[in-house]
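Numbering-wise (my numbering), the sequence shown opens with residue 4 and increments by one.
Let me begin by presenting the structure, written as structure tokens, before commenting on it.
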Amino acid sequence: MADQLFQQGVDLMLYGMGTVFVFLAILVIATGGMTKFIGRFFPEVIEIPESKPVSQGSGQQSVDSKTLKIIQAAVDKHRGRK
């Protein structure tokens, strides 16, 4: 009796695992097919933005004295903590 019950359990397990394997295989194949279909008939359009000309300035912008004092105070305070 126990051998028959064990055999039925193994059969049921293998049937369930086989069903899941087949389902997942079909899912992977269908997903790959849909990806190829969409890529072929609806390609993604890549827009290249127009480049803006780079200004030939000196590269440095002037900073007002108030901002410089604030930055210097922050740096001094940070260095004082160490």
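Cβ atoms here follow ideal geometry from the backbone N, Cα and C, with glycine treated the same way.
Reduced DSSP secondary structure (H/G/I, E/B, other) of residue 67: coil
Provide the residue span of the alpha helix (DSSP H) that contains residue 39, from first to last. 5-44
Alpha carbon to alpha carbon, what distance is there between residue 71 and residue 65? 10 Å
I need the DSSP call for residue 48, collapsed to helix, strand or coil. coil
Please report the straight-line C-alpha distance between residue 24 and residue 51, rounded to a whole angstrom. 44 Å
DSSP three-state assignment for residue 80, whether helix, strand or coil: helix
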